[in-house]
Amino acid sequence: MTAAISDNGGWCWFQDERALVDATTGTLLVGAVASRGGAGGDRRGGDVDLHVVDLDRLGEAGAATTVTLHPGLESDDHDNPALWRRADGRWLTVFSRHKSDDLTRWRISEGEDPTVWGPEQSFDWRTLFETPEQAEALGGGRGVTYQNLHQLDGVLHCFVRAINDDPCYLVSHDDGGTWQFGGRLLTREKVGYVNGYARYASGARFGTDDRIDLIITEHHPRDYATSIWHGYLAGGRLHRADGTAVGELGRGLTDPTLRAEDLTPVLGNGSAAGGATLTHAWTTDLRRFADGTLVALMTARADDTAGTSTARHAWDAPTHEVDPIDHRFVRAVLRPGSGRWEVAELAEAGPQLFPHEEDYTGLATIDPDDPHALWISTVVDPRTGATLAHHEIFHGVTRDAGASWTWTPVTEDSTADNMRPIAVPGDPSRSVLVWYRGSLNTSQDYDAEVVVQVRPR
Numbered sequence: 287m288t289a290a291i292s293d294n295g296g297w298c299w300f301q302d303e304r305a306l307v308d309a310t311t312g313t314l315l316v317g318a319v320a321s322r323g324g325a326g327g328d329r330r331g332g333d334v335d336l337h338v339v340d341l342d343r344l345g346e347a348g349a350a351t352t353v354t355l356h357p358g359l360e361s362d363d364h365d366n367p368a369l370w371r372r373a374d375g376r377w378l379t380v381f382s383r384h385k386s387d388d389l390t391r392w393r394i395s396e397g398e399d400p401t402v403w404g405p406e407q408s409f410d411w412r413t414l415f416e417t418p419e420q421a422e423a424l425g426g427g428r429g430v431t432y433q434n435l436h437q438l439d440g441v442l443h444c445f446v447r448a449i450n451d452d453p454c455y456l457v458s459h460d461d462g463g464t465w466q467f468g469g470r471l472l473t474r475e476k477v478g479y480v481n482g483y484a485r486y487a488s489g490a491r492f493g494t495d496d497r498i499d500l501i502i503t504e505h506h507p508r509d510y511a512t513s514i515w516h517g518y519l520a521g522g523r524l525h526r527a528d529g530t531a532v533g534e535l536g537r538g539l540t541d542p543t544l545r546a547e548d549l550t551p552v553l554g555n556g557s558a559a560g561g562a563t564l565t566h567a568w569t570t571d572l573r574r575f576a577d578g579t580l581v582a583l584m585t586a587r588a589d590d591t592a593g594t595s596t597a598r599h600a601w602d603a604p605t606h607e608v609d610p611i612d613h614r615f616v617r618a619v620l621r622p623g624s625g626r627w628e629v630a631e632l633a634e635a636g637p638q639l640f641p642h643e644e645d646y647t648g649l650a651t652i653d654p655d656d657p658h659a660l661w662i663s664t665v666v667d668p669r670t671g672a673t674l675a676h677h678e679i680f681h682g683v684t685r686d687a688g689a690s691w692t693w694t695p696v697t698e699d700s701t702a703d704n705m706r707p708i709a710v711p712g713d714p715s716r717s718v719l720v721w722y723r724g725s726l727n728t729s730q731d732y733d734a735e736v737v738v739q740v741r742p743r
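Just so we're aligned, residue 287 is where the sequence shown starts under this note's numbering, counting upward by one.
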């Protein structure tokens, strides 16, 4: 069954979980941000929404309810909320603006009903500094972006791009009721826009919370010839893939901090794959499975000639526009006990979505209950290589450890683009896929509806 649940919504891909299923009640929660360029955008633009869906009634009138967590926060898909199911059955949602203030905001449901929420609270990252001069010297006051919720040794962590635009984190010892600064995870000198783009994964769904894995770039791929690196948090330390500890966690604002290059390489800039040279890699998705297997999805430019420039033009300046760039999806697997990632090109992603963002693609998502399955959004049919009129979504399955793939179309002959799919965790008995369908002009201006597909496994 496939149905639209909202006529205005979108999301970025650096927050998790962006959607969750309560298997007991058959309820889907999907976070989204309404755009000023979408339906009713003059009154809904910037609403941080939570769509609550009765999956057993999908497609029926009244099956979906929209709760606005924060009206008019900002018309920007980077403001999408992250979700967490607390031990007491209540829901937690955490969100922020896109570098335009320094607040991490959160709300907790009143009881287990995800349509009724308590008041908004916030953590102000500016309170970490004693003076404005210290904040400026250490890279504070530049705004925060992205929230990712994961548990480690019974402590809830919220990873945020914050001080100096580095990956930092808050910790909560009461399952999201209150938050304190936990530390700066990595840092480096600024190049261009911001520092590393991270995706995180943990095993809490499988009853383990002994480690949190991450993959990360050095900077934004439009500003730097990025590679992707991997490490994990466990036992109070940050480790490489082979288990080598490279530093302590809990680093303060003035403590020396590791760089991405201190971790394990996953996809190096200049790697060869599929007969092409891959550069400007970007993190897309990361999942950890019950046996400890890690699967990562990434994108990269193939045989790129555009290069990088930190002298950014205005987004609408014609002098900034570049020719279409060939992008590829890349899949990597880290098997239990191994310290080396197995990396292979997966499929063609097609050119950038719009000229002023050289590395935006339709994206891909890993099946949270099957390491051998995934979905991609692309304008190049992975079965034939034919160019499609719009981004379509394909389901891919491998039975030979990624050597070959069987592709099945989820959408076909569409009249609009289908982008940024999310394979939703929570109910292993059925496959729940969410994406948005429409047009994307910028991260602040889009006209798209939120679509859900549910299938039994």
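Glycine residues also receive a C-beta, built at the ideal position from the N, C-alpha and C atoms.
Secondary structure remark: continuous alpha helix (DSSP H) runs of at least 4 residues inside the segment 393–470, in chain order: 418–424. Straight-line spacing of the CA atoms in residue 645 and residue 518 works out to 26 Å. Between the C-alpha atoms of residue 505 and residue 555 there is a straight-line separation of about 12 Å. Under the three-state reduction of DSSP output, residue 546 falls in the helix class. It is roughly 26 Å from the alpha-carbon of residue 733 to the alpha-carbon of residue 711.
Put simply, the backbone Cα of residue 500 is about 32 Å away from that of residue 340. In this structure, the alpha-carbon of residue 363 lies about 12 Å from that of residue 324. Here the alpha carbon of residue 627 sits roughly 23 Å from the alpha carbon of residue 681. Around the C-beta of residue 466, fewer than 16 other C-beta atoms lie within 10 Å, and the residue is accordingly described as exposed.
Rounded to the nearest whole angstrom, the CA to CA distance from residue 336 to residue 313 is 12 Å.
For a cut-off of 8 Å, the C-beta gap from residue 461 to residue 373 is around 6 Å, short enough to register as a contact.
For residue 304, the closest of 350, 381, 417 by C-alpha to C-alpha distance is 381. Residue 583 places its beta carbon less than 8 Å from that of residue 652. By the neighbour-count criterion, in which a residue is buried when 16 or more other Cβ atoms sit within 10 angstroms of its Cβ, residue 388 is buried.
One thing to note: residue 535 has its Cβ within 8 Å of the Cβ of residue 522. Taking C-beta separations shorter than 6 Å and ignoring five residues to either side along the sequence, the partners of residue 375 in its chain run 398, following chain order. Taking a contact as a CB-CB distance under 8 Å, the pair residue 322 and residue 731 counts as one, their CB atoms being some 7 Å apart. Residue 735 is bridged by DSSP to 723. Considering only 318, 354, 357, 310, the residue with the shortest C-alpha distance to residue 342 is 310. When the alpha-carbon of residue 561 is set against those of 495, 581, 572, 630, the nearest one is in 630. Listed in chain order, the non-local C-beta contacts of residue 608 below 7 Å within the same chain comprise 592, 641, 644, local neighbours out to five positions each way being set aside. If one requires a minimum length of 3 residues, the beta strand (DSSP E) runs lying completely within the segment 330–362 are 334–340, 350–356, in chain order.
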